[in-house]
Amino acid sequence: MNLLTIAIDGPAGAGKSTVAKLVAEKLGLLYVDTGAMYRAITLKALSTGVSLKDADSLVKLANQTHIELRDRTEGYEILLDGKLVTGEIRTPEVTAGVSEVSAVPGVRLRLVELQRAMADDRGVVMDGRDIGTYVLPRATLKIFLTASVEERARRRSEDLNQRGYTVNQQEIQADIERRDNYDSTREFAPLAVATDAVVVETTGLTVHQVVDRIVAMTRPHVL
Ligand code: DC
765 MNLLTIAIDG PAGAGKSTVA KLVAEKLGLL YVDTGAMYRA ITLKALSTGV
815 SLKDADSLVK LANQTHIELR DRTEGYEILL DGKLVTGEIR TPEVTAGVSE
865 VSAVPGVRLR LVELQRAMAD DRGVVMDGRD IGTYVLPRAT LKIFLTASVE
915 ERARRRSEDL NQRGYTVNQQ EIQADIERRD NYDSTREFAP LAVATDAVVV
965 ETTGLTVHQV VDRIVAMTRP HVL
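For the sequence shown, my numbering gives the first residue as 765, with consecutive numbering after it.
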């Protein structure tokens, strides 16, 4: 079977999840938010008192965790061991700890196994950091979405404001820079542009312009 698989990678705040969700909707594909999976493991570690520095315990925890992603008309839902945690995984505490957790190779191996299984029998739009380079190296289309760090900090601040958090844009920018650096320099499957990816610079573009551009790139593959 020739399934359409779209990998969308890029740094924090580049708009990957908003864009990936809309592309999936337009093309009738399953959307998989891999960042949400790393966030769910981080949330579980924080709420069960597992140290984010204890790699062995984090791997054990990841292997004993059930994560479900549900794309519903009411919205995208994340279930951690059967409990809805869609909002909880986006708190500043989880955001601050997630890079550390996602740098642990054993945690990644477990989540990558789940991600590949999701793309096994369905067309997907999967977003993350290592989708085109590691998780789905044979994806039909690979996009690397990026924007200036100031623009990304502005978008993240707006998003957090809308969800009721009072935030300082400078702090958000510093956190984004710290995470970009952490995610790009880790040893195992770092954030990187796949050699066959199309880089889409989104500064100054609307979400819909970006979505339309990506959908247009899939045309040769769906005709
Ligand atoms: O996209 P996001 O901000 O929800 O991702 C949260 C963190 O998870 C991010 O700092 C890096 C990590 N991540 C990763 O290492 N690999 C992925 N495929 C997705 C996310």
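By construction, the Cβ of each residue, glycine as well, lies at the ideal position given by its N, Cα and C atoms.
Identity of the residue in the options nearest residue i by Cα
i              : options                           : result
leucine 938    : Ile770, Ala776 and Leu768         : It should be noted that the sequence gives alanine, not leucine, for residue 938. The residue with the shortest Cα to Cα distance from alanine 938 is Ala776.
threonine 855  : Ser866, Leu791, Asp923 and Lys817 : Asp923
arginine 918   : Lys808, Val796, Val963 and Ala778 : Ala778
threonine 966  : Asp835, Leu793, Ile907 and Asn945 : Ile907
glycine 799    : Gly792, Ala961, Lys790 and Lys780 : Lys780
serine 821     : Pro869, Ala961 and Met981         : Pro869
threonine 806  : Ile940, Glu864 and Ala881         : Glu864
leucine 873    : Ala953, Leu843 and Ala809         : Ala953
leucine 825    : Leu793, Ala809 and Leu905         : Ala809
alanine 961    : Leu848, Ala883, Met981 and Leu794 : Met981
tyrosine 929   : Val783, Gly851 and Thr769         : Gly851
methionine 882 : Glu789, Thr897 and Arg834         : Arg834
serine 912     : Val975, Val964, Asn827 and Leu768 : Val964
threonine 782  : Ala958, Tyr840 and Thr829         : Tyr840
glutamine 973  : Leu767, Val787 and Ala771         : Val787
aspartate 944  : Ala771, Leu843 and Thr910         : Thr910
isoleucine 772 : Ser948, Ala903, Thr949 and Ser811 : Ala903
glutamate 951  : Ala867, Val986 and Arg977         : Ala867
methionine 899 : Glu877, Arg920, Glu914 and Gln926 : The question names methionine, yet the displayed sequence has valine at residue 899. Residue Glu877 is the option with its Cα nearest to valine 899.
serine 819     : Val871, Ile936 and Val979         : Looking at the sequence shown, residue 819 is not serine but alanine. Comparing Cα-Cα distances from alanine 819 to each of Val871, Ile936 and Val979, the minimum goes to Val871.
Buried or exposed (CB count within 10 angstroms, at least 16 for buried), residue i
i             : result
serine 815    : exposed
glutamine 879 : buried
glycine 774   : buried
lysine 785    : buried
lysine 817    : exposed
arginine 803  : buried
glycine 968   : exposed
aspartate 894 : buried
glycine 813   : exposed
arginine 942  : exposed
aspartate 891 : buried
glycine 896   : buried
arginine 886  : exposed
leucine 848   : exposed
Three-state secondary structure (DSSP) of residue i
i             : result
glycine 839   : strand
alanine 771   : strand
valine 931    : coil
valine 964    : strand
arginine 1006 : Nothing in the structure corresponds to residue 1006, since the chain is present only between 765 and 987.
leucine 969   : coil
leucine 844   : strand
arginine 988  : Lying outside 765 to 987, the shown extent of the chain, residue 988 is not represented and no answer is given.
threonine 859 : helix
glutamine 828 : coil
threonine 982 : helix
valine 975    : helix
alanine 938   : helix
leucine 924   : helix
At which residue ranges does the region 777 to 823 contain complete alpha helix (DSSP H) runs of 4 or more residues, listed in the order of the chain?
If we require 4 residues or more, the alpha helix (DSSP H) runs fully inside the region 777 to 823 come out as 780 to 791 and 798 to 812.
May I have a chain-ordered list of the beta strand (DSSP E) segments no shorter than 3 residues that lie completely inside the region 866 to 921?
888 to 892 and 905 to 910
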